[in-house]
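There are 2 protein chains.
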Amino acid sequence: MRSAALAKQHAYASVFAALGDPTRLSLVAKLCDGQSHSISRLAEGSVLTRQAVTKHLRVLENAGIVHSVQRGRESRFALDPGPIDDLRAYLDEISEQWDHALGRLKKFAEDQ
Amino acid sequence: MRSAALAKQHAYASVFAALGDPTRLSLVAKLCDGQSHSISRLAEGSVLTRQAVTKHLRVLENAGIVHSVQRGRESRFALDPGPIDDLRAYLDEISEQWDHALGRLKKFAEDQ
DNA sequence: TTAATATGTAACTTGATGGTTGCGTATTGA
DNA sequence: TCAATACGCAACCATCAAGTTACATATTAA
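And the structure:
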């Protein structure tokens, strides 16, 4: 495989990994309202401590899925849709390859 | 949040997590040809040992992304596109929510 | 000014992950 | 029959991830 494709896979893998946790998925769901929310706001109602939620937010931030802005004493997080759109495109690519492969296999079988 | 939605999030999270590793992503890419491949075949050319590759395949299998069939002395793995299609739908849902939220925010701003 | 709020930082525990080596077993092909 | 191939299983190790508690700091509001 080309090294560009390898690098892409690493990038995608980190985004997948960031989404691979129920807590973080629910954080993403909460941030889907397009607004920015403080950590306390995002942690309220959770079983976890504020610090644990903060760690999850940092994971999402490192993957580029969210970003934070300081606002007074609170730091507000908001969604960055870019990486998620990239994932959608990547999964579409996989599905496409799969469909084409199945098509070829079907045609091959018919030709026998 | 409803408990059904919670269960969905756990299921999606495990699939995301399974894809959250470069080695496993490249395994998925190899299996996109619609064929089934033996472990040795999938491990050849890899830096990792066969046993390590096997572990990754089991992770993918537990997430429902691949399945294995015994064939003589080899066990062949093939892709199961279902979970990946589910992820696509889930990401589409997120993007849709995001777009709608932005639309509402824009309208709200214009109304001021 | 002072109490309450919001957050950051650090140390620590626990358990999962990713990898290895070593060895045993089944299957295949010459 | 016998060597080569393909695999499974178990033990082991190192590292990372997820969570906690404890405490320090900055901001706000009364």
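Heads up: the sequence lines are chains A and B, in that order. Take 176 as the starting number for the first sequence in my numbering and just add one per residue. Take 176 as the starting number for the second sequence in my numbering and just add one per residue. Even for Gly, the Cβ is constructed at its ideal location relative to N, Cα and C. Quantities reported herein were computed from a predicted structural model and do not represent experimental measurements.
Legend entry - Rounded C-alpha distance that separates B/R248 from B/I214: 11 Å
Inset, instruction - Verify the CB distance criterion: does A/A253 have a CB-CB separation below 8 Å to chain B? - result: no
Inset, instruction - Kindly indicate which three-state DSSP category B/V222 falls into: helix, strand or coil? - result: Here B/V222 sits in coil by DSSP.
Inset, instruction - Quick one: give me the first and last residue of the alpha helix (DSSP H) that B/R279 is part of. - result: Per DSSP, B/R279 is one residue of the alpha helix (DSSP H) stretching across P256 to D286.
Inset, instruction - Hey, could you find the ends of the alpha helix (DSSP H) B/S178 is sitting in? - result: S178 to L194
Inset, instruction - Please name the residue in A/A180, A/H185 and A/S221 whose C-alpha comes closest to that of A/A238. - result: A/H185
Legend entry - Buried or exposed (CB count within 10 angstroms, at least 16 for buried), B/A182: exposed
Inset, instruction - Give the residues from the stretch 189-200 of chain B that approach chain A closer than 7 Å (Cβ to any Cβ), ordered along the chain. - result: F191, A192, L194, G195, D196, P197 and L200
Inset, instruction - Would you kindly work out how many angstroms separate the C-alpha atoms of B/I259 and A/A276, rounded to a whole number? - result: Cα-Cα distance, rounded: 16 Å.
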